[in-house]
Structures are given as C-alpha cells and as structure tokens.
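Following the working numbering, the numbering of the sequence shown begins with 7 at its first residue and continues without gaps.
Report on one structure; see the data block that follows.
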Amino acid sequence: MHSFAKAGLALLACVLSAGAAGAEPHSYNFSPVNQYNLKVSASFWNPIIRYVSEKSGVRLNLKLGRTSADTTSYVLAREVDFAFTNHLFSPDREKMGWTVFGRRDAPPVRAQIVVPADSKVASLAELAGGTVVFPGPEALIAYKAPYAELLRRNISVNPVFAGNMDAAFTQLFAGRARASGANSQLVETYGSRESKSFRVLWSSAPYNDLALMASPRVPAAEVRAVAQAFLNMRKDPEGRRILDAAAELVRSPQPLGFVAATDADYASYRAFYATAPISLR
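Below you can see the structure in the form of structure tokens.
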C-alpha cells in the first residue's frame with residue numbers, strides 16, 4: 007500500500023476514534039402515566055429522573071405525552087425503555103416482556119366512582135343516561151374497573167375522557183359530568199391540593215400502586231442499577247429531599263418512596279382482565 011494511502015487510513019481511524027469518544031452516551035426514555043396535569047407531572051418526575059440518572063450512571067430522559075393515553079402509546083410503540091405504569095398487565099401486553107422491579111411505597115389504591123360532596127346524586131343508578139368523566143381509556147383503576155362495574159349493573163352512561171385525573175376532576179366540579187371514575191389515591195391528593203370534597207358512590211377491592219417496569223431491551227445490569235437508585239432514594243439525604251418535595255407538590259398524605267416489587271404483586275390486575283368485558287381488555 008502506498009504511504010499516502012496508509013496515512014489517509016490512519017487519519018480516518020483517528021477521526022472515527024475522536025468521534026466515538028465525543029459521542030453522547032446511550033440514554034433511555036422513561037414514561038410515567040400522567041396522573042396529574044402535564045405541568046405537575048413534569049415537576050414531579052424531572053428531579054427524580056435526574057437523581058436516578060446520576061446515581062445509577064444510566065441516563066434517563068422523561069418522555070411524557072399530552073395525555074395518559076399518549077404516554078402509553080409511546081410504550082406500545084417501543085419508544086420507551088422504563089415506565090411507571092399499570093397499563094401493561096393485559097394478556098396481550100404481557101407478551102411484550104416488560105418486567106416489574108419496583109413500585110411506589112404507598113397503600114393499595116381502589117377504583118372509585120365519585121361525585122362532588124354536595125351532589126344530589128346518591129347512587130350509581132342515578133348516573134344512568136348521564137355523562138361520566140374518566141382520565142383516559144388506558145386507565146385500569148380510574149376507567150376500566152369503574153366502567154366495568156357500571157356495565158355489570160346495566161347502567162348505561164356517556165363516558166368521556168379528559169386526558170388525566172386532574173382534568174377529569176376539573177370537568178366534574180365544573181358540572182360537565184355527573185360523576186367521575188377515579189383512583190382513590192388521587193381523589194385524596196386532589197382534594198387536598200384544590201380544597202375539594204368528594205363523595206364515593208362505589209369503591210373496588212384494593213390494587214397495588216403503579217409499577218416501575220423495564221423493557222426487555224434494557225441490559226439486566228442497567229435495570230439493576232436503575233432499580234437500586236430508585237429503591238435507595240429514601241435512604242439518601244439528597245434523594246429524600248427530592249422525594250419530600252415531590253410529595254409536597256402533589257399533597258401526598260404519606261412520605262414518598264419506592265420499594266422492590268415483582269410481577270406477582272400485580273396478580274389483582276390479571277384477575278381483573280380474566281373476567282372483564284372484552285371491550286375493556
């Protein structure tokens with residue numbers, strides 16, 4: 007090979023090496039279900055994600071859609087690698103291979119149908135023919151379980167979707183819906199944040215809170231690193247400060263933290279799908 011050709015190849019190798027050294031490290035998208043409005047959701051999760059990225063050495067990017075259904079669509083389109091969700095326990099979605107590694111350290115939640123405390127509606131039967139608002143079609147706790155109960159009782163309603171739980175409650179208190187499907191945890195925190203009072207018309211059996219989950223695409227070592235960062239937050243002064251600020255933001259009645267969990271902790275979700283109307287599976 008001519009000397010100038012060898013020199014050219016050496017120069018090319020140096021350029022490629024420099025480019026690789028300066029490349030951005032690989033990152034993963036993290037999508038939590040929109041439980042609050044978009045501003046509150048971003049303010050809640052961004053400091054947590056920055057902390058987990060720093061402590062784990064695994065770079066995470068927050069990826070939020072405009073609505074909870076939009077956010078879940080990113081997961082289904084395989085644009086996301088980590089999630090905080092309960093939208094992946096249906097038989098079809100379990101085939102995607104996502105695994106549970108943690109959950110929020112909070113009491114179980116219940117699916118509910120609620121009205122404002124001063125509403126004249128006193129029973130589920132009185133909702134017949136009226137509008138009932140839900141956060142979105144993906145929400146098992148706040149839509150699928152309450153709507154399944156209405157179907158079971160042959161109570162026909164007009165379901166509408168607001169995009170997230172905050173927006174659903176806003177429509178409820180504005181009088182644009184007769185009742186709302188709800189997550190008991192979010193009924194409590196919204197009432198505290200917005201000084202609103204609810205009356206519960208129906209409440210389900212308990213379900214574990216949302217799961218921290220990882221896609222099968224993520225190497226096991228990186229899943230472990232991310233899991234440890236989440237699970238150790240409460241033990242670390244910096245992590246605890248971030249969690250306490252997040253809890254204050256949403257007016258959580260108990261300290262915020264994360265604990266280890268497995269797929270077995272979500273058996274109640276699978277039991278729901280086993281008997282749910284086909285349209286809700």
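Yeah, the Cβ is synthetic: ideal placement off N, Cα and C, and Gly gets one too.
Residues near residue i by beta carbon distance below 7 Å, same chain, minus five either side
i: Gly263; result: Asp111, Met239, Arg240, Leu249
i: Val120; result: Ala185, Ser186, Ala188, Val193, Phe204, Arg205, Val206, Leu207
i: Gly103; result: Pro222
i: Pro143; result: Ala75, Tyr149, Phe167
i: Lys61; result: Ala235
i: Ala27; result: With a pLDDT of 42 at Ala27, under the threshold of 50, the modelled position of that residue is not reliable, and the figure given next carries that caveat. Same-chain partners within the cutoff: there are none.
i: Val229; result: Phe107, Ala220
i: Ala233; result: Phe107, Gly108
i: Arg276; result: Phe95
Identity of the residues DSSP links to residue i by a beta bridge
i: Gly71; result: Answer by DSSP bridge pairing: none, since Gly71 is not bridged.
i: Gly108; result: Leu218, Ala266
i: Ile119; result: Gly187, Trp208
i: Ala33; result: Here the sequence assigns Ser to residue 33, which means Ala is not the residue at that position. Note: Ser33 sits in a beta bridge opposite Arg65.
i: Ala89; result: Ser37, Met219
i: Tyr213; result: Val115
Burial state of residue i, where buried means 16 or more other Cβ atoms lie within 10 Å
i: Asp309; result: This structure cannot speak to residue 309, because the chain is shown only from 7 to 287.
i: Arg84; result: exposed
i: Ser285; result: exposed
i: Thr268; result: exposed
i: Lys126; result: exposed
i: Ala41; result: Rather than Ala, the amino acid found at residue 41 in this sequence is Gln. Gln41 comes out buried.
i: Glu155; result: buried
i: Arg182; result: exposed
i: Ala259; result: Checking the displayed sequence, the identity of residue 259 turns out to be Pro instead of Ala. Classification for Pro259: exposed.
i: Gly63; result: exposed
i: Pro38; result: buried
i: Asp172; result: buried
i: Ala89; result: buried
i: Thr281; result: exposed
i: Gly14; result: For Gly14, the pLDDT reaches just 41, beneath the cut-off of 50, and the residue's location in the model is therefore unreliable, leaving the point undetermined.
Nonlocal neighbours in the same chain, by C-beta distance under 8 Å from residue i, ignoring five residues either side
i: Ala29; result: For Ala29, the predicted structure reports a pLDDT of 47, less than 50, and the residue's modelled location is therefore unreliable. A value from the coordinates is still provided. Same-chain partners within the cutoff: there are none.
i: Leu44; result: Leu70, Arg72, Asn170
i: Asn52; result: Leu68
i: Ser274; result: Ala211, Pro212, Tyr213, Asn214
i: Ala48; result: Leu68, Leu70
i: Phe140; result: Ala148, Tyr149, Pro152, Tyr153, Pro165, Val166, Phe167, Ala168, Ala174, Ser186, Gly187
i: Ile161; result: Leu130, Ala131, Leu133, Ala134
i: Ser79; result: Gly71
i: Leu178; result: Val120, Val121, Pro122, Val139, Ala185, Ser186
i: Leu66; result: Ser33, Tyr34, Asn35, Phe36, Ile55, Val58, Ser59, Phe88, Val232
Closest Cα partner of residue i within the set the options
i: Thr105; options: Thr78, Leu94, Gly142, Tyr57; result: Leu94
i: Thr77; options: Ser49, Ala145, Ala134; result: Ala145
i: Phe50; options: Ala231, Ala128, Ala253; result: Ala253
i: Phe36; options: Tyr196, Ala134, Lys101, Leu218; result: Leu218
i: Gln118; options: Ser190, Glu100, Gly135; result: Ser190
i: Pro113; options: Ala280, Asp271, Gly135; result: Asp271
i: Val256; options: Thr281, Ser201, Ala266; result: Ser201
i: Arg116; options: Pro261, Ala266, Ser209; result: Ser209
i: Ala180; options: Val138, Val163, Pro261; result: Val138
i: Val265; options: Tyr279, Gly245, Phe278, Leu237; result: Leu237
Cβ-heavy atom distance, residue i to the ligand COA, below 6 Å
i: Tyr153; result: The ligand content of the structure shown is nil, which means the ligand COA is not present either.
C-beta neighbour in chain B for residue i, strict 7 Å
i: Ser221; result: In the displayed structure, chain B is absent; only one protein chain is listed.
Contacting residues, own chain, Cβ-Cβ under 6 Å from residue i (five flanking each side not counted)
i: Val224; result: Asp87
i: Leu157; result: Pro283
Notebook entry, point to check: Whole beta strand (DSSP E) runs in the segment 118–185 with 3 or more residues, listed along the chain?
Noted result: 137–140, 164–167
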